[in-house]
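In my numbering, the protein residues as written are 24 to 308. Idealized CB from N, CA, C, for every residue including glycine. One structure below.
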Ligand code: C5P
């Protein structure tokens, strides 16, 4: 019998880099929020012991480089299981947008395989495994609204935002490599912005307050990598889109509000392929 689960995207409401680590990764202080833009992952047992997947988006590789396959293989290796599984992935989250699609899919694959294979690991045990797949994967085992520290794997759940809170999401027609964006960051160049004032504003639950303090250090890197990004930002400013912020290393941009509140005719013709939508905090808890 097949089982299925939604695999939600995230946006980063705050992202500061606090240092470079001896292992080459960066230490960060970030607030992650799961949003209701989601892929769907179906899973079924395979009797032949193989781990395989298909995807309705032909641009997504379905070989061992896909984090879904890596997650299932890791779970099997760590638990000594011999079982097989087949995944079918329906993509809605654009790749290379800083929305955590691949990481979310990996977390969902761990949850589904753990259930189908009757392994019985707890969410915390799965989150420990998730660290080995990618820095953002442990967050998706917790979901909701979390403070993420270390290289992203130290996850502290925060009190949820109201589910009716709305965000405008812009998905530009370019992708930004996370590794390339981190490589542009020189931690000695700037003093980290403390996260505390943002967290205090966030806990006040007044979006006008916290959205004005939202921050993302990767915006600097993105503008060095993708010349269309500062151009788009300039137009967003001109159209008075409030505090547009990059998610992760980009390319997606979010703002507090709804896309329907604004006139996009002065922006979209300059960026063919730019998609806009309104999303909410995910209501999956
Ligand atoms: O962990 P993940 O594989 O998602 O990271 C992709 C790349 O992003 C890493 O290879 C690294 O270059 C960079 N990265 C980083 N510091 C982090 C997370 C990612 O430097 N905290």
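No Cβ-Cβ contact shorter than 9 angstroms links residue 225 with residue 242. Rounded to the nearest angstrom, the gap between the Cα atoms of residue 162 and residue 287 is 33 angstroms. In this structure, residue 248 places its C-beta atom within 9 angstroms of the C-beta atom of residue 200. In its chain, beyond the 5 residues on either side, 50, 174 have a beta carbon closer than 8 angstroms to the beta carbon of residue 44. Here residue 248 carries a helix assignment [DSSP, helix/strand/coil]. By alpha-carbon distance to residue 129, the top candidate from 304, 216, 30 is 30. As computed with DSSP, residue 77 is found in a beta bridge with 111.
In the structure shown, the three-state DSSP call for residue 205 is helix. Around the C-beta of residue 131, 16 or more other C-beta atoms lie within 10 Å, and the residue is accordingly described as buried. Residue burial is scored here from C-beta neighbours: residue 260 has fewer than 16 other C-beta atoms within 10 angstroms and is therefore classed as exposed.
Going by C-alpha positions, residue 38 is about 44 angstroms away from residue 70. For residue 238, the three-state secondary structure derived from DSSP is strand. When DSSP assignments are scanned along the stretch 109 to 175, the uninterrupted stretches of beta strand (DSSP E) that are 3 or more residues long and fall wholly within it turn out to be 168 to 172.
Per DSSP, reduced to three states, the secondary structure at residue 91 is helical. With a cutoff of 8 angstroms, residue 51 counts as near the ligand C5P, since its C-beta is closer than that to a heavy atom of the ligand. Residue state for residue 221 is assigned as helix, using DSSP reduced to three classes.
The ligand C5P approaches residue 126 closely enough that one of its heavy atoms is under 8 angstroms from the residue's Cβ. In this structure, residue 58 keeps its C-beta atom at 9 angstroms or more from the C-beta atom of residue 289. By the CB criterion at 9 angstroms, residue 86 and residue 26 fall outside the cutoff.
The stretch 100 to 119 makes contact with the stretch 189 to 204: 3 or more CB pairs, one atom from each, lie closer than 8 angstroms. For residue 106, DSSP assigns no beta-bridge partner whatsoever.
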